[in-house]
Amino acid sequence: MTNGMTKDGREDLLARGYSRRHIMRAAAMLSGAAAGFAFGPEISTSARAAIQAKIRIGLNECWTGPFAPGVSAAATTTSQCNRYSPNGEREALVRAISQIENIPDDHISIWPGSNIALARSVLAFCSPAKGLVTANPGYETAPTAAKWLGAPLKAVPLKPDYSHDVKAMLAANPKAGLYYVCSPNNPTGTMTPKADIEWLVNNKPAGAMVLIDEAYIHWSKAYPGNTSTYLARAGKDVLVMRTFSKIFGMAGMRVGYFMARPDVIEKLQMFDGGDLSVDLPMASIACATANLTQHAMLNQRRQELIETRAMTEDFLKKKNLRVIGPSEANMVMVDWKSKTAKEMEAAFRAQGVEIAGPRWPIWPTVSRITIGSKSDMEGFFGALNKIVSA
């Protein structure tokens with residue numbers, strides 16, 4: 002391995018038309034020198050500002066931490082972390098995912114969260130000739146990676162119901178290397194029907210991949226009946242991404258995974274020899290394994306979110322503000338109409354409340370609000386009342 006990239010990875014990029022300059026940028030991304038975008042916009046200057054806020058509802062974090070069994074498992078494993086792998090934690094997590102998702106072990110790849118895998122997918126399947134197609138507004142990690150690597154990028158507006166317009170996405174670039182569907186979408190929380198995703202998988206160009214980001218899928222009411230795992234199980238040209246950062250309350254523990262055919266997993270691991278899939282904190286993995294099987298606790302947390310989100314939407318609508326949706330995740334988008342998202346971010350920050358900033362230029366007067374605890378949202382209501390009365 003040289004410059005943070007394997008020889009096979011470098012040869013693959015050259016064969017796909019990457020210039021030496023862009024190979025250097027890819028190597029910088031792999032080594033961490035340019036990895037800021039790979040971790041996504043949630044870990045940024047605004048994230049640092051959020052630490053100072055009394056109410057932190059800007060980063061789509063869960064309002065509480067891991068379930069108690071996960072905390073206990075992490076503590077036990079921590080006490081044994083004089084060993085690189087105290088009790089085969091990585092293998093245990095893969096087995097747990099396999100059982101819950103009904104998918105073979107060799108179709109599962111564990112990563113530190115999902116953002117790095119999102120960026121790595123762009124590296125693996127896009128090139129100067131094969132671009133990325135995404136939604137607008139959508140989650141920014143994959144598009145940022147495409148820009149960094151010099152791959153063509155098309156961002157297609159959402160449909161009137163705020164689902165992905167998969168037919169327009171295909172029309173935008175019929176020769177793309179990667180089509181990115183985030184469902185529930187970040188920042189809108191809206192779902193794209195399985196039938197639409199399946200249409201895209203069946204009609205995309207040969208050799209292209211569909212990247213299905215399900216970071217928020219556990220929050221949705223129809224889970225697990227609305228996932229795209231079956232496409233990965235069937236060996237389709239898909240990567241199905243998951244993370245433990247959302248409903249599981251593990252954003253700071255950095256564990257995620259994706260499901261795909263073994264050859265697709267090998268493609269993503271080619272560039273660093275699979276190091277990122279192995280070198281994960283054992284305590285985090287143990288926590289993830291224990292959390293994954295807490296079905297009753299997951300249902301209870303989801304119901305709490307649904308009730309608090311409904312309370313928030315009702316409040317905003319009574320203020321004659323437009324709420325974009327319906328959201329199936331721990332966020333809502335609100336249109337301030339006469340104020341910009343940047344102005345409202347500053348106004349809320351002055352009240353000790355951190356919301357998402359102006360990250361989506363297509364909607365300059367719209368902000369994303371993370372649904373926190375009931376107490377968090379009541380604090381948000383009070384801050385908004387003060388802002389509008391000022």
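Residues in the sequence shown are numbered from 2 upward in steps of one, following my numbering. Cβ atoms here follow ideal geometry from the backbone N, Cα and C, with glycine treated the same way.
Identity of the residues DSSP links to residue i by a beta bridge
i      : result
ALA136 : VAL157
MET192 : Looking at the DSSP assignment, MET192 forms no beta bridge with any residue, so it has no partner.
ILE248 : In DSSP, ILE248 forms no bridge with anything.
ASP336 : ARG323 and VAL367
LEU212 : TYR181 and LEU240
LYS258 : As written in the sequence, residue 258 is Tyr, which differs from the Lys given in the question. In the DSSP output, where bridge partners are listed per residue, TYR258 has ILE111 and ARG243.
GLU355 : ARG57
Close beta carbons around residue i, own chain, < 8 Å, minus the five adjacent residues each side
i      : result
SER374 : TRP64, THR65 and THR309
SER339 : THR366
VAL241 : ILE213, GLU215, THR228, SER229, THR230, LEU232, ALA233, PHE259, MET260 and ALA261
ARG323 : VAL335, ASP336 and LYS338
LYS222 : ARG303, ILE307 and GLU329
ALA136 : ALA156, VAL157, PRO158, LEU159, HIS165, ASP166, MET170, TYR181, VAL182, CYS183 and ASN186
PRO206 : PRO175, LYS176 and ALA177
ILE24  : MET6, ARG11, LEU14 and LEU15
Closest by C-alpha distance to residue i, when choosing among the options
i      : options                           : result
GLU102 : THR228, ILE325, PHE245 and VAL202 : THR228
PRO362 : GLU141, LYS160 and ASN186         : GLU141
ASP197 : HIS219, LEU171 and TRP220         : LEU171
LEU212 : MET345, ASN300, ARG57 and ALA233  : ALA233
CYS288 : ILE388, VAL157 and VAL256         : VAL256
ARG243 : LEU119, GLU215, SER221 and VAL265 : GLU215
SER285 : SER73, ASP9 and GLY275            : SER73
ARG17  : LYS387, MET30, SER128 and VAL123  : SER128
GLY139 : ILE266, ALA120 and LEU159         : LEU159
ASP273 : ALA143, SER20 and SER32           : SER32
VAL123 : LEU154, ASP107 and ILE388         : LEU154
VAL265 : PHE126, ASP276 and ARG360         : PHE126
ASN300 : PRO359, PRO225 and LYS268         : PRO225
LEU317 : ALA130, ASP336, GLY89 and GLU305  : ASP336
GLU305 : SER20, MET378, ALA120 and GLU267  : MET378
ASN61  : THR371, ASN292 and GLY208         : THR371
ARG121 : GLU344, THR79 and GLU267          : GLU267
ALA143 : SER376, MET30 and LYS8            : MET30
SER376 : ILE58, TYR19 and ALA207           : ILE58
PHE245 : ASN292, GLY208 and ASP276         : ASN292
ALA27  : ALA76, LEU269 and PRO161          : LEU269
Sequence-distant residues of the same chain with beta carbon closer than 6 Å to residue i, five excluded per side
i      : result
PHE40  : Only weak support is given to the placement of PHE40: the predicted model assigns it a pLDDT of 47, under 50, and the value that follows is read from those uncertain coordinates. For PHE40, where only same-chain residues beyond five positions count, the Cβ hits under 6 Å are ASN116.
THR290 : ALA93, LEU94 and ALA97
PHE38  : In this prediction, PHE38 has a pLDDT of 48, which is less than 50 and means its spatial position is unreliable; what the coordinates show is noted afterwards. Closer than 6 Å at Cβ, skipping near neighbours: THR145.
THR189 : TYR163, ILE325 and MET334
GLY380 : ILE56
PRO263 : ASP107
GLN53  : none
SER390 : none
ALA130 : GLY18
MET332 : ASN61, GLY190, ARG369 and THR371
ALA382 : Here residue 382 is Phe; the residue named in the question, Ala, does not match the sequence. Answer for PHE382: PHE316, listed in chain order.
Cβ pair residue i, residue j closer than 8 Å
i      : j      : result
TYR217 : ASN174 : no
MET271 : ASP13  : yes
MET283 : SER86  : yes
THR366 : ALA342 : yes
GLY132 : ALA177 : yes
THR193 : HIS165 : yes
SER368 : GLU346 : yes
ARG91  : LEU385 : no
TRP200 : VAL167 : yes
ILE388 : ALA348 : yes
SER278 : ILE111 : yes
Neighbourhood of residue i by C-beta, 7 Å cutoff - its chain only, sequence neighbours within 5 removed
i      : result
ILE109 : VAL95, ILE98, SER99, TYR258 and MET260
LYS319 : none
VAL239 : VAL202, MET210, VAL211, ILE213, SER229, LEU232, ALA233 and ALA261
ARG302 : ILE248
ARG22  : none
ASN204 : LEU171
Near the ligand FAD: residue i beta-carbon under 7 Å from a heavy atom
i      : result
MET312 : By its list of ligands, the structure shown contains no ligand whatsoever, and the ligand FAD lies outside what it can speak to.
Contact with chain B by residue i, beta-carbon distance below 8 Å
i      : result
ILE286 : The displayed structure is made up of one protein chain only, and chain B is not part of it.
(request) Could you tell me whether the region 352–368 touches the region 293–300, using the rule of 3 or more Cβ pairs below 8 Å? (result) no
(message) Three Cβ pairs or more, each shorter than 8 Å: is that satisfied between the region 148–156 and the region 180–188?
(response) Flag = no, the region 148–156 and the region 180–188 do not touch.
(request) Report yes or no: do the region 308–322 and the region 107–122 share at least 3 C-beta pairs separated by less than 8 Å? (result) no
(request) Examine the Cβ distances between the region 68–75 and the region 249–261 and report whether three or more of them are shorter than 8 Å. (result) yes
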